[in-house]
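Novice:
Numbering (full-length UniProt numbering), first residue to last: 1 to 165.
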């Protein structure tokens, strides 16, 4: 990978991280996504499952929905999706169906990731298979998630201690 391409991937992933930080502040699992086409940023998204009370409100789905509105159609040919965590099966299905060209993710997801962690869903012979690039700003993406879950555990322990007193 050329240094120019690496630099582009990192700058787009930083935008996805800024979306993840919004989710963090909203007490959502901090995952963020950005969709771009060439040098044009098309849409953003972050996790909103808790605030939206909907299991479908993942960062990738939010970004895809927003991109479809902006571009006026469901085909996102030529678009790249940047996401701070490896996509889950549901999001991978949306990626396939929307014809996203390339998925660039930060941290691996050993519990639900389907870009190589559990399986590589994109190895199957679907009608569309995006290119996959992982590990972009992986440490930063991973640290944000770890920090969120550490805070959540700490809060839970404090609440348990209050209840037992």
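The beta carbon of each residue, even a glycine, is placed where N, CA and C say it ideally should be.
1. The beta strand (DSSP E) with residue 36 in it runs from where to where?
2. Got a sec: does the ligand MN put a non-hydrogen atom nearer than 8 Å to the Cβ of residue 39?
3. Could you tell me if residue 119 is buried or exposed, where buried requires 16 or more neighbouring beta carbons within 10 angstroms of its beta carbon?
4. Rounding to the nearest angstrom, what Cα-Cα distance links residue 51 and residue 85 in this structure?
5. Could you have a look at residue 159 and say whether DSSP puts it in helix, strand or coil?
6. Considering only DSSP beta bridges, list what residue 115 is partnered with.
7. Roughly how many whole angstroms lie between the Cα atoms of residue 38 and residue 102?
8. Whole angstroms is fine: what's the gap from residue 142's alpha carbon to residue 78's?
9. Looking at the strands, I want to know which residues DSSP matches up with residue 149.
10. Quick check: the region 10 to 30 against the region 143 to 155, are at least 3 beta-carbon pairs closer than 8 Å?
11. Could you check where the alpha helix (DSSP H) with residue 188 kicks off and where it finishes?
12. Roughly how many angstroms separate the alpha carbons of residue 68 and residue 76, rounded to a whole number?
13. The beta strand (DSSP E) that contains residue 106, what's its start and end?
14. Which residue wins for smallest C-alpha separation from residue 90, given the options 71, 17, 58 and 48?
15. Verify the CB distance criterion: does residue 120 have a CB-CB separation below 9 Å to chain D?
16. Within a Cβ cutoff of 7 Å, which residues of the same chain sit near residue 74, ignoring the five residues on either side of it in sequence?
17. Drop a sphere of 10 angstroms on the beta-carbon of residue 139, count the other beta-carbons inside from all chains shown, and report buried for 16 or more, exposed for fewer.
Specialist: In this structure, then:
1. 32 to 37
2. Absent from the structure shown: the ligand MN. Ligands present: none.
3. exposed
4. 20 Å
5. helix
6. 120
7. 11 Å
8. 28 Å
9. Bridge partners of residue 149: none, in fact.
10. yes
11. It is not possible to answer for residue 188, since the shown part of the chain is limited to 1 through 165.
12. 7 Å
13. 102 to 107
14. 58
15. Within the model displayed, chain D is absent; a lone protein chain is all it includes.
16. 68 and 98
17. exposed
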